[in-house]
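Beneath this line is the structure, given in C-alpha cells, with notes to follow.
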Amino acid sequence: MNCYHHENNPANGTCKNCHKAICKECAIDTGRRIACSHECAKDVSDYNLLMDKSKKLYGLDESGTKIQTGTLMTVALGSIMLGTGIYRYFEYDAIDWPSLLIGGVFITFGAMGYVKNKKIGISC
Ligand SMILES: [Zn+2]
Ligand SMILES: [Zn+2]
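Residue numbers for the sequence shown follow full-length UniProt numbering, beginning at 1 and rising by one.
The following block contains the structure:
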C-alpha cells in the first residue's frame, strides 16, 4: 500500500481520523496517533483529549493515582456531614448530633470499604 498523497512512497501508517494510508513525510504526529493533514490532526488530538478525560473519569489512567470512586464518594459525603456538624457547633454553639453521627458512620464505612477493596485488589 502506498501513501495517499505520494504515489511513490510506501505507506507508513494510516490517518487515525480518515483512515487514509500515509507515508512518513506527510504523517503528523499528534502525540500517540498519526494524522494525514492538519484538519485531521486537530480531530485526532481532540479525540486524544477526550480519551484522556474519560480514562481519568473511570480511574483507568495509569499515570495518575487509582481512585476508588465509591469509597471516595462515601468519605466525601461523610466529610461534608461532619463539616456541617462542626460548623454548626461553632456557629450556633449547638452540637448537631445527627450530622456528626452520620458523617462519622460514612467515613468509617468508607475507610472499611477502602481497606477491603485494597485487600482484594479492586479499584473501582
Ligand atoms: Zn486524515
Ligand atoms: Zn505521503
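Glycine included, every Cβ here is placed at the ideal spot set by N, Cα and C.
Alpha-carbon to alpha-carbon, residue j and residue i
| i | j | result |
| --- | --- | --- |
| VAL75 | PHE109 | 8 Å |
| ASN8 | ALA35 | 19 Å |
| CYS23 | ASN12 | 5 Å |
Residue i in three-state terms, based on DSSP
| i | result |
| --- | --- |
| THR14 | strand |
| SER29 | Note that residue 29 is Asp in the sequence shown, not Ser. Note: ASP29 maps to strand in three-state DSSP. |
| ASN8 | coil |
| ILE22 | strand |
Own chain partners of residue i with C-beta closer than 7 Å, once the 5 adjacent residues on each side are dropped
| i | result |
| --- | --- |
| GLY85 | ASP96, SER99, LEU100, GLY103 |
Residues of its chain near residue i, where Cβ-Cβ distance is below 8 Å and the 5 sequence neighbours each way are ignored
| i | result |
| --- | --- |
| MET81 | SER99, LEU100, ILE102, GLY103, PHE106 |
Whole-angstrom C-beta distance between residue j and residue i, which should lie under 8 Å
| i | j | result |
| --- | --- | --- |
| ALA21 | TYR4 | 5 Å |
| ILE28 | HIS38 | 7 Å |
Query raised in the report: Closer than 6 Å from C-beta to any heavy atom of ligand 2: which residues, in chain order?
Result: CYS3, HIS5, HIS6, ASN9, ILE22, CYS23, GLU25, CYS26
**Report entry** Beta carbon shell of ligand 1 at less than 5 Å from a heavy atom
**Finding:** CYS15, ASN17, CYS18, CYS36, CYS40
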